[in-house]
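Residue numbers (this note's numbering): 423 to 704.
For glycine and all other residues, C-beta sits at the position ideal for the given N, C-alpha and C.
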């Protein structure tokens, strides 16, 4: 049942306009940054736009802003059934709480991961445009795109999806969830300012939920030639950052399990018809 629910949710999300609209918007943003000389995200100077350094920076910056999209996907899983009135009906069936809750999350997060593929696709397509100055581009290596997507993007996407999925289970409100997103962004910016001193770089590398500080620390002493030819090794602060924040995301999902009221609501849904059918007392 878990797999069927996850597959249903994924198909539902892929049919929604927001999937394609968000994907197109991020594709155009990144395509413009790569294919237009006057627009730039991340790398510059002698570092190629499609270098490992350039790909990594673009992917991680986009991960930060993509949390507004991922929130729309995962929060709607909870809010949608409550707004349509199907929640109590579904929960009155024999569907297990685990299958219902995490099957829906898995399907929604799969849609998030697929939608984010527009970002590396835009880097690749933008680098191949005929009007692009060849001096600003290097060879495209699929291994660099895979590293950036798997190790740099997916952990951050998973973390924010888990956090705001949990918030949605607690608030049952899109407005409340997006207020949480705004608060999270403010806290993230404040943390960056507080930890920007050179002596706090190690702390910042571990505390940054998106891994940007860890990435900057790992590539801090790269020459232009190294930035153009290799990804940083997945060791030290970069690895520790992923090892810290992925379990944090799992912890939030565990919290969602305890926050989500399943049996109680289903019980009320089952008792309501019986109460209506009961004869009046003599």
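query	result
Under 7 Å between C-beta atoms of residue 532 and residue 586	no
Alpha-carbon spacing of residue 528 relative to residue 557, whole angstroms	42 Å
Cβ shell of residue 658 (< 6 Å), same chain only, five flanking positions each side left out	none
At least three beta-carbon pairs within less than 8 Å, the segment 647 to 658 to the segment 670 to 685	no
Contact check, residue 596 vs residue 501, beta carbons under 7 Å	yes
Three-state class that DSSP yields for residue 499 in the structure shown	helix
Check whether residue 475 and residue 481 have beta carbons under 7 Å apart	no
Three-pair Cβ contact test at 8 Å for the segment 540 to 547 versus the segment 431 to 449	yes
Exposure label - residue 551; buried when at least 16 CB within 10 Å	exposed
8 Å contact criterion, which residue 629 and residue 660 should meet: CB distance rounded	About 13 Å separates the two Cβ atoms, so there is no contact after all.
Spatially closest choice to residue 581 from 514, 632, 569, 611, by CA coordinates	632
Beta-carbon contacts of residue 623 that lie in its chain and below 6 Å, excluding the five residues immediately before and after	639
Endpoints, the alpha helix (DSSP H) within which residue 607 is located	596 to 616
Where residue 555 falls, given that 16 or more other Cβ within 10 Å makes a residue buried	exposed
Coarse secondary structure for residue 467, derived from DSSP in three states	coil
Same chain, Cβ closer than 7 Å to residue 429, neighbours up to 5 away in sequence not counted	529
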